[in-house]
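> Residue numbers for the sequence shown follow UniProt numbering, beginning at 1 and rising by one.
The C-beta atom is built at its ideal place from N, Cα and C for all residues, glycine as well.
One structure is given below, represented as structure tokens, and several questions about it will come after.
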Amino acid sequence: MRLDLAAPELLAAAADQPWRNPEAYWPRFGEATAEHSAPVVALGLEALAWNAHDMLRRAGGLPIRVASKSIRVRGVLDAVLALPGYRGVLAYTLAEAVWLSETIDDIVVAYPSADLPALSALAADERAAARVAIMVDDVEQLDVVDRAAPPGRRRPIRVCLDFDASWRSRALGRIGVLRSPVATPEALRRLAETVLARPGFELVGIMSYEAQIAGVGDAPAGKPAEGALLRAVQRASGAELAERRAAAIAAVRAIAPLEFVNGGGTGSIERTVAEPAVTEVAAGSGLFGPHLFDHYRSFDPAPAAAFALDVVRRPDSDTATLLGGGWTASGPAGRDRLPQVVWPPGLRYAPREGAGEVQTPVIGAAARGLRIGYRVWLRHTKSGEPMEHTNEIVPVRVGFGAGGGTGGTGAGGTGTGGGAAGPAVADDPLPTYRGEGRCFL
């Protein structure tokens, strides 16, 4: 079954924002998925539709390239790309891009590759070579391509240059991720000239990702001083980048036409699209709304994706133990990398165990009411990473507005709301990359 994120009935249900009533929203996730074995990953379609259309609003007409690492479900990628305003995929590995190119005709690989078999496969596949652009920020990466497939034996490989978007502050040092070594307009032009002079390559675009703005919430909960500092840093960084990026793009456009200039991410859409030099913005995490994106002032994504674990033991009257749970997120280790327990409320991790590989004890007032067989719902820190833990996701239609809903008990849920407008239902599961036998990182 193909998802239709423009269906009128789905948009009408999304307009009610049912996630604003968590006392009914999460139990109805449980109701809809009760027949599926845990761990079960569910995707609220009302929330997904809301997020997809809200990102289009934020982009103001500029195309959005979907970051596939934040999705990892082809059925969802297809549904989002079917919406006017979304165009192309930002893949995370070359092997993934070659695979996706079977059905998607515009793919940029966000990171350089030294995968010789994947490079050989790209060069040998005329359709993939016409649809996929590799990422380059170093001449040695071009040499690797030539080793995999000599230029005289392949069609030209499409190339996108990665321009560093981090900020170098005199007081704070380098702010942002350690990506491209190409940080000045002059350096970007030199690299572009090298690509243009090399046989077997075609320069088609430029990418720059301002992670210090797009991936860092500017309103951390309970930390107003830190939030004020973050906003000041982001303002300064954004102003510097806009000027530097414009100069860099102009320097390259003076010697070569470009199909696209990609920038930004979910957390910086409004800021990035305001730059005239940028022709498209990248985004993906905002579709599923993981809890990392709960703390931004400029937007408020709906929690679309969550997973449920079974209660399987009671070590004591104040503790319930879940099977599984250690789906910690990548990045600097810290509490914000742990899944967020969202239902029932009043639960927290046992401090000496945290989220465990096979079992996760939870404590708190709500733990006393959890019986064996009940389920607990959690949100991951990030968007696509949970898909590496499951073969499928279950699309859920919660079936009520913000005013109410009823939640099941036992295996289906642990709470109630009022004023239901029809049962919550689950659509046919969608395979993840893992479910299709694919694992790229």
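Terminal residues of the continuous alpha helix (DSSP H) containing residue 273?
That run of the alpha helix (DSSP H) goes 269-273.
> Across which residues does DSSP place residue 319 in a beta bridge pair?
Answer is 316 and 363.
> Ordered along the chain, which non-local residues of its own chain (more than five positions away) have a Cβ less than 7 angstroms from that of residue 277?
Once the five neighbours on either side are set aside, the close Cβ partners of residue 277 are 245, 246, 249 and 261.
> Does the beta-carbon of residue 418 have 16 or more other beta-carbons within 10 angstroms, so that it is buried, or is it exposed?
Because residue 418 sits at a pLDDT of 39, beneath the cut-off of 50, its placement in the model cannot be relied upon, and the following sentence gives the value as read from the coordinates. Under this definition residue 418 is an exposed residue.
> If we count the other Cβ atoms within 10 Å of its Cβ and call it buried at 16 or more, is residue 280 buried or exposed?
It counts as buried.
> Rounded to a whole number of angstroms, what is the C-alpha to C-alpha distance between residue 403 and residue 264?
For residue 403, the pLDDT reaches just 40, beneath the cut-off of 50, and the residue's location in the model is therefore unreliable, although a value from the coordinates is still provided. Rounded to the nearest angstrom, the two C-alpha atoms are 36 angstroms apart.
> Excluding the 5 residues flanking residue 39 on each side, which residues of the same chain have their C-beta closer than 6 angstroms to its C-beta?
Result list for residue 39: 307, 309 and 324, in chain order.
> Does the segment 51-58 touch the segment 22-40, meaning 3 or more C-beta pairs lie closer than 8 angstroms?
Short answer: they don't touch.
> Do residue 22 and residue 311 have their CB atoms nearer than 8 angstroms?
No.
> Using the rule of at least 16 other Cβ atoms within 10 Å of the residue's Cβ for burial, across every protein chain shown, is residue 225 buried or exposed?
Exposed, by the Cβ-count rule.
> Can you tell me whether residue 169 is helix, strand or coil according to DSSP?
Three-state DSSP puts residue 169 in a strand.
> Residue 88 and residue 65: beta carbons closer than 8 angstroms?
Contact flag set, yes.
> Suppose the cutoff is 7 angstroms on Cβ atoms and the five residues either side in sequence are ignored; what does the same chain contact list for residue 6 look like?
Once the five neighbours on either side are set aside, the close Cβ partners of residue 6 are 83.
> Considering only their Cβ atoms, is the gap separating residue 433 from residue 72 smaller than 8 angstroms?
The answer is yes: Cβ separation under 8 angstroms.
> When the Cα of residue 456 is compared with those of 388, 429 and 424, which residue comes out closest?
An answer regarding residue 456 cannot be provided, because it is not within the stretch 1 to 441 covered by the chain.
> What residues are listed by DSSP as bridge partners for residue 431?
392.
> Among all the DSSP beta bridges, which residues are the ones paired with residue 310?
In DSSP, residue 310 forms a bridge with 375.
> How many whole angstroms separate the CB atoms of residue 199 and residue 151, which I take to be in contact at a CB cut-off of 8 angstroms?
Between residue 151 and residue 199 the Cβ distance is about 4 angstroms, and since that is below 8 angstroms, they are a contact.
> According to DSSP, what are the bridge partners of residue 283?
DSSP lists 66 as partners of residue 283.
> Where do the ends of the beta strand (DSSP E) carrying residue 200 lie?
That residue, residue 200, is in no beta strand (DSSP E); it is neither H nor E in DSSP.
> According to DSSP, is residue 25 helix, strand or coil?
Looking at residue 25 - three-state DSSP - the assignment turns out to be helix.
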